[in-house]
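Visitor: Just so we're aligned, residue 1 is where the sequence shown starts under full-length UniProt numbering, counting upward by one.
Glycine included, each C-beta is placed from N, C-alpha and C at the ideal position.
None of the values given here were measured: they were computed from a predicted structure.
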Amino acid sequence: MSVNWSLPFEEKIIPSKYQSKVISPSIYKELHKIATENYKEFWASIASQLEWFKPWEKVLDDSNPPFYKWFVSGEINASYLAVDRHAKSWRKNKVAIIWEGEPAEGDKPKEVRYITYGELYREVNRVAYILKEVYGLKKGDAISLYLPMIPELPIFMLAAARLGIIFSVVFSGFSAQALADRINDARAKLLVTADGGWRRGKIVPLKDIADKALENTSTVEKVLVVKRTNNNITMKEGRDEFFDNVYKQVPLNAYVEPERTKSEDPLFILYTSGTTGKPKGIVHDTGGYLTILHATMNWVFDIKDSDIMWTTADIGWITGHSYIVFGPLLEGVTTVMYEGALDYPNPDRWASIIERYGVTILYTSPTAIRSFMKLGEDVYKGRDFSSVRLMHSVGEPINPEAFRWFFRLVGKESIPFGSTWWMTETGGIMISHLPGLYLIPLKPGTNGMPLPGIDADVVNENGNPTKPEERGYLVIRKPWPGMPLTIWGDPDRYVKVYWSKFPGIFYPGDFAVKDSDGYFWILGRADEVIKVAGHRLGTYELESALIHHPAVAEAAVVGVPDPLKGEVPVAFVVLKVGQKANEELKKSLNEWVREQVGPIASLSSIYFVSKLPKTRSGKIMRRVVKAVITNQPVGDVTTLEDEASVEEVKKAYEELK
Ligand code: PRX
Numbered sequence: 001m002s003v004n005w006s007l008p009f010e011e012k013i014i015p016s017k018y019q020s021k022v023i024s025p026s027i028y029k030e031l032h033k034i035a036t037e038n039y040k041e042f043w044a045s046i047a048s049q050l051e052w053f054k055p056w057e058k059v060l061d062d063s064n065p066p067f068y069k070w071f072v073s074g075e076i077n078a079s080y081l082a083v084d085r086h087a088k089s090w091r092k093n094k095v096a097i098i099w100e101g102e103p104a105e106g107d108k109p110k111e112v113r114y115i116t117y118g119e120l121y122r123e124v125n126r127v128a129y130i131l132k133e134v135y136g137l138k139k140g141d142a143i144s145l146y147l148p149m150i151p152e153l154p155i156f157m158l159a160a161a162r163l164g165i166i167f168s169v170v171f172s173g174f175s176a177q178a179l180a181d182r183i184n185d186a187r188a189k190l191l192v193t194a195d196g197g198w199r200r201g202k203i204v205p206l207k208d209i210a211d212k213a214l215e216n217t218s219t220v221e222k223v224l225v226v227k228r229t230n231n232n233i234t235m236k237e238g239r240d241e242f243f244d245n246v247y248k249q250v251p252l253n254a255y256v257e258p259e260r261t262k263s264e265d266p267l268f269i270l271y272t273s274g275t276t277g278k279p280k281g282i283v284h285d286t287g288g289y290l291t292i293l294h295a296t297m298n299w300v301f302d303i304k305d306s307d308i309m310w311t312t313a314d315i316g317w318i319t320g321h322s323y324i325v326f327g328p329l330l331e332g333v334t335t336v337m338y339e340g341a342l343d344y345p346n347p348d349r350w351a352s353i354i355e356r357y358g359v360t361i362l363y364t365s366p367t368a369i370r371s372f373m374k375l376g377e378d379v380y381k382g383r384d385f386s387s388v389r390l391m392h393s394v395g396e397p398i399n400p401e402a403f404r405w406f407f408r409l410v411g412k413e414s415i416p417f418g419s420t421w422w423m424t425e426t427g428g429i430m431i432s433h434l435p436g437l438y439l440i441p442l443k444p445g446t447n448g449m450p451l452p453g454i455d456a457d458v459v460n461e462n463g464n465p466t467k468p469e470e471r472g473y474l475v476i477r478k479p480w481p482g483m484p485l486t487i488w489g490d491p492d493r494y495v496k497v498y499w500s501k502f503p504g505i506f507y508p509g510d511f512a513v514k515d516s517d518g519y520f521w522i523l524g525r526a527d528e529v530i531k532v533a534g535h536r537l538g539t540y541e542l543e544s545a546l547i548h549h550p551a552v553a554e555a556a557v558v559g560v561p562d563p564l565k566g567e568v569p570v571a572f573v574v575l576k577v578g579q580k581a582n583e584e585l586k587k588s589l590n591e592w593v594r595e596q597v598g599p600i601a602s603l604s605s606i607y608f609v610s611k612l613p614k615t616r617s618g619k620i621m622r623r624v625v626k627a628v629i630t631n632q633p634v635g636d637v638t639t640l641e642d643e644a645s646v647e648e649v650k651k652a653y654e655e656l657k
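Below, the structure is given as structure tokens:
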């Protein structure tokens with residue numbers, strides 16, 4: 001858990017531009033109570049605002065908890081809703097996606113694409129044609145997408161969704177091993193990748209990484225390669241094809257009938273880190289997922305047809321799936337996507353994107369905000385942020401200082417700005433301010449209150465609600481649309497991870513407090529997951545990478561607070577006998593971990609010790625390691641095997657500080 005700042009429970013801010021929407025927390029609580037007590041009827045009324053091919057037979061099948069099914073047997077198609085409906089309406093020539101590639105230098109990017117709904121419709125249909133007619137894929141098959149932030153990524157997602165093909169997007173910053181694990185687990189038949197992607201002026205050699213991954217996979221029959229960077233790559237005969245070559249053979253006006261997918265059919269699998277080495281394939285349904293997106297696009301983002309929405313995340317994460325691709329397109333608005341980094345080649349690229357496209361709704365992260373803040377306000381002098389009428393942050397707790405700074409700089413202290421809590425598993429936002437509905441006053445750093453119909457609470461170890469301002473565990477008591485169907489291929493793990501700590505109640509794994517007004521403040525992970533710059537990493541994943549290194553005997557990785565990234569991982573390593581502890585080895589260990597897991601898994605420091613705090617049964621006590629280095633009480637150490645190990649950790653840490 002990383003929060004170590006004091007929380008302004010009492011401070012209340014009313015954004016002047018939304019004054020008419022403001023209600024008191026106690027009134028909101030009443031509205032929330034009514035919706036949540038009648039949650040099935042309530043969610044049914046929201047879902048009925050979507051276009052269904054066939055209505056559902058039952059709102060919620062709760063006969064086999066926790067494997068809930070929403071809007072059972074209702075027929076709906078995500079691609080039809082996000083594309084066809086708009087392409088067949090006045091929105092045909094409206095811009096669906098504004099995309100800009102990584103600029104080479106200066107303010108103006110070389111490549112910008114404005115893709116209208118009409119064009120998106122044509123492209124999605126042609127790609128669906130490829131999936132169906134060229135590769136013979138059908139409903140229920142799985143494909144993996146390992147692509148940079150280029151328009152082909154959402155297009156492939158939408159084309160797969162059109163056919164009920166389950167897609168699994170693998171973040172393009174992941175390594176060959178991580179990609180292979182995800183392909184194997186999903187049993188993907190097709191891999192779509194690119195020759196490379198641009199990031200900070202360098203090419204990320206995606207095809208080379210994919211080739212390495214494919215050495216360890218058995219399900220992938222074909223590989224489609226999008227040309228992006230034109231670097232040299234090897235193409236394997238019979239397996240690899242350039243996307244362009246296949247695409248140009250598809251009739252221009254190809255039309256592929258959208259499948260009448262059932263609400264409870266899987267739409268996608270997205271892998272996320274947990275407390276063990278193997279990533280969890282979170283499976284999302286179709287009807288429930290679209291319902292939570294429709295609700296949150298309206299309540300949280302107050303979306304209007306004239307909006308230009310910019311979510312600064314990567315589509316490889318859930319934030320991108322939900323609020324770059326499906327959410328905005330479902331509502332028929334314009335979504336902005338960019339390749340590269342927010343601060344490259346100029347530190348204020350992000351400000352320039354807002355200005356150039358007239359972004360009205362901004363959704364970003366605390367780490368991004370803190371990195372902008374570090375440069376000081378002068379960098380943004382003269383920038384025009386006046387188009388932005390609403391913004392939120394996501395991914396990790398936002399410190400009040402960063403909140404205030406961004407609220408002043410971009411929000412001119414007059415527009416709603418919240419910190420929305422949710423996670424890969426929830427599909428959409430769960431706790432937030434709701435400027436599109438009724439707005440409770442803002443407080444710097446709070447998450448606001450649970451959405452109507454979301455029965456969230458904070459409880460102690462026994463499952464009883466905590467007192468105001470007392471730390472406890474966040475839970476969600478009732479099922480909600482957008483919840484996972486299961487963990488792909490591992491339903492027992494789904495029950496164990498989320499539904500067992502408090503039987504019958506969903507446990508996300510976060511610490512939280514509720515203040516006396518009923519506002520929620522999520523404090524950070526209660527388990528061995530860390531959030532590095534908002535990215536979710538399992539300490540166990542990093543440890544497994546380390547112990548696979550020939551020099552390493554044992555390793556413990558913990559997250560420590562970091563002023564910029566929220567948290568960073570540090571490792572305590574016991575070397576094998578005969579290995580020399582030196583700077584060179586540290587460097588090679590760090591490179592090794594990046595190679596095994598991906599560049600996002602950079603260890604901030606490595607400490608060599610001769611023993612680690614362990615229980616008598618041999619389990620590493622990360623809790624103790626973390627307490628020692630964050631200067632917290634170590635707590636109960638009666639099960640500790642060797643107390644001297646605590647001193648070792650302390651000494652190693654102090655010496656290098
Ligand atoms: O710890 C919480 C943190 O991010 C975790 C979920 O990570 P992920 O599945 O990668 O999804 C991130 C984007 C939806 C949560 O368990 N988290 C997310 N949003 C917030 C947050 N912590 C505090 N405040 C937030 N707004």
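With distance defined between alpha-carbon atoms, name the residue in Ile76, Gln249, Phe511 and Val593 nearest to Glu133.
Guide: The sequence position of residue 133 within the sequence shown is 133, counting from 1. It is Gln249 whose Cα lies nearest to the Cα of Glu133.
Visitor: May I ask you to report which of helix, strand or coil DSSP gives Gly173?
Guide: Start at 1 with the first residue of the sequence shown, and residue 173 comes out as number 173. Here Gly173 sits in coil by DSSP.
Visitor: Around the C-beta of Thr296, are 16 or more other C-beta atoms found within 10 angstroms, so that it is buried, or is it exposed?
Guide: Counting from 1 along the sequence shown, the entry for residue 296 is found at position 296. Buried.
Visitor: Would you say the stretch 391 to 406 touches the stretch 432 to 445, given that touching needs at least three Cβ pairs under 8 Å?
Guide: yes
Visitor: Please write down, chain order preserved, every residue whose beta carbon lies under 7 Å from a heavy atom of ligand 1.
Guide: Thr272, Trp317, Ile318, Thr319, Ser393, Val394, Gly395, Glu396, Pro397, Ile398, Ser419, Thr420, Trp421, Trp422, Met423, Thr424, Glu425, Asn447, Pro508, Gly509, Asp510, Ile522, Gly524, Arg525, Lys531, Gly534, His535 and Arg536
Visitor: May I ask you to report which of helix, strand or coil DSSP gives Asp181?
Guide: Locating residue 181 in the sequence shown gives position 181, counting from the first residue. In the structure shown, Asp181 sits in a helix (DSSP, three-state: H, G or I).
Visitor: Give the DSSP bridge partners of His535, in chain order.
Guide: Along the sequence shown, read from residue 1 onward, the residue named residue 535 stands at position 535. Val532, per the DSSP bridge assignment.
Visitor: Taking only three categories from DSSP, how would you classify Asp343?
Guide: Within the sequence shown, residue 343 is the residue found at index 343, counting from 1. Reduced to three states, the DSSP call for Asp343 is coil.
Visitor: Could you pull the start and end residues of the alpha helix (DSSP H) that Met391 belongs to?
Guide: Looking up residue 391 in the sequence shown gives position 391. Element bounds for Met391: not the alpha helix (DSSP H) but the beta strand (DSSP E), Leu390 to Val394.
Visitor: Quick check on the DSSP output: the alpha helix (DSSP H) that includes Glu152 runs from which residue to which?
Guide: The count along the sequence shown starts at 1 and reaches residue 152 at position 152. Annotation for Glu152: the continuous alpha helix (DSSP H) segment containing it runs Glu152 to Leu163.
Visitor: What residue range is occupied by the uninterrupted beta strand (DSSP E) comprising Lys69?
Guide: Here residue 69 is taken as the residue at index 69 of the sequence shown, counted from 1. Unbroken beta strand (DSSP E) run through Lys69: Lys69 to Val72.
Visitor: Quick check: Asp195 and Lys236, are their CB atoms within less than 9 Å of each other?
Guide: Position 195 of the sequence shown holds residue 195. Position 236 of the sequence shown holds residue 236. No, they are not a contact pair.
Visitor: With a threshold of 8 Å, are at least 3 pairs of Cβ atoms found where one atom belongs to the stretch 464 to 480 and the other to the stretch 501 to 515?
Guide: Output reads yes: the stretch 501 to 515 touches the stretch 464 to 480.
Visitor: What residue range is occupied by the uninterrupted beta strand (DSSP E) comprising Asp208?
Guide: Along the sequence shown, one-based indexing puts residue 208 at 208. First-last for Asp208: Leu206 to Leu214, but that is the alpha helix (DSSP H), not the beta strand (DSSP E).
Visitor: What's the call for Tyr146, buried or exposed, on a 16-neighbour Cβ count within 10 Å?
Guide: As a position in the sequence shown, residue 146 is number 146, starting the count at 1. Buried is the call here.
Visitor: Per DSSP, Gly578 is paired with what?
Guide: Stepping through the sequence shown from its first residue, residue 578 is reached at position 578. Here Gly578 is not bridged, per DSSP, to any residue.
Visitor: Which same chain residues end up closer than 7 Å to Asp527 when comparing Cβ atoms and leaving out the 5 residues on each side of it in sequence?
Guide: Here residue 527 refers to the residue found at position 527 when the sequence shown is read from its first residue. The answer, listed in chain order, is Thr275 and Gly509.
Visitor: Does the Cβ-Cβ distance between Ile97 and Leu131 come in under 9 Å?
Guide: Position 97 of the sequence shown, counted from the first residue, corresponds to residue 97. Position 131 of the sequence shown, counted from the first residue, corresponds to residue 131. At the C-beta level, Ile97 and Leu131 stay beyond 9 Å of one another.
Visitor: Write down the C-beta distance between Gly173 and Thr367 rounded to the nearest angstrom, noting that I regard them as a contact closer than 8 Å.
Guide: For the purposes of this step, residue 173 is taken as the residue at position 173 of the sequence shown. For the purposes of this step, residue 367 is taken as the residue at position 367 of the sequence shown. Actually they do not touch by this definition, with Cβ atoms about 14 Å apart.
Visitor: Only counting the same chain, and skipping five residues up and downstream in sequence, which positions put a Cβ closer than 7 Å to that of Tyr540?
Guide: To locate residue 540, count along the sequence shown from 1; it is residue 540. Thr275, Thr276, Gly277 and Glu528, listed in sequence order.
Visitor: Start and end of the beta strand (DSSP E) containing Val192?
Guide: As a working mapping, residue 192 is identified with position 192 in the sequence shown. Residues Leu190 to Ala194.
Visitor: Do you know offhand how far Val573's Cα is from Gly327's?
Guide: If you number the sequence shown from 1, residue 573 lands on position 573. If you number the sequence shown from 1, residue 327 lands on position 327. For Val573 and Gly327, the distance between alpha carbons rounds to 44 Å.
Visitor: Residue ranges of each beta strand (DSSP E) run of no fewer than 3 residues wholly in the stretch 550 to 629, ordered along the chain?
Guide: 552 to 562, 566 to 575 and 605 to 608
Visitor: Determine the DSSP secondary structure at Ile34, reduced to helix, strand or coil.
Guide: In the sequence shown, residue 34 corresponds to position 34, counting from 1. Here Ile34 sits in helix by DSSP.
Visitor: Nearest by alpha-carbon distance to Asp384: which of Ala47, Ile354, Arg260 and Glu591 is it?
Guide: Stepping through the sequence shown from its first residue, residue 384 is reached at position 384. When only C-alpha atoms are compared, the closest one is Ile354.
Visitor: Report the residue from Ile292, Lys280, Asp285 and Val359 whose alpha carbon sits nearest the alpha carbon of Met309.
Guide: As a first step, residue 309 is located in the sequence shown; it is residue number 309 there, counting from the start. When each option's Cα is compared against that of Met309, the closest is Val359.
Visitor: Determine the DSSP secondary structure at Ser89, reduced to helix, strand or coil.
Guide: By 1-based counting over the sequence shown, the position of residue 89 is 89. Secondary structure at Ser89: coil, using DSSP grouped into helix, strand and coil.
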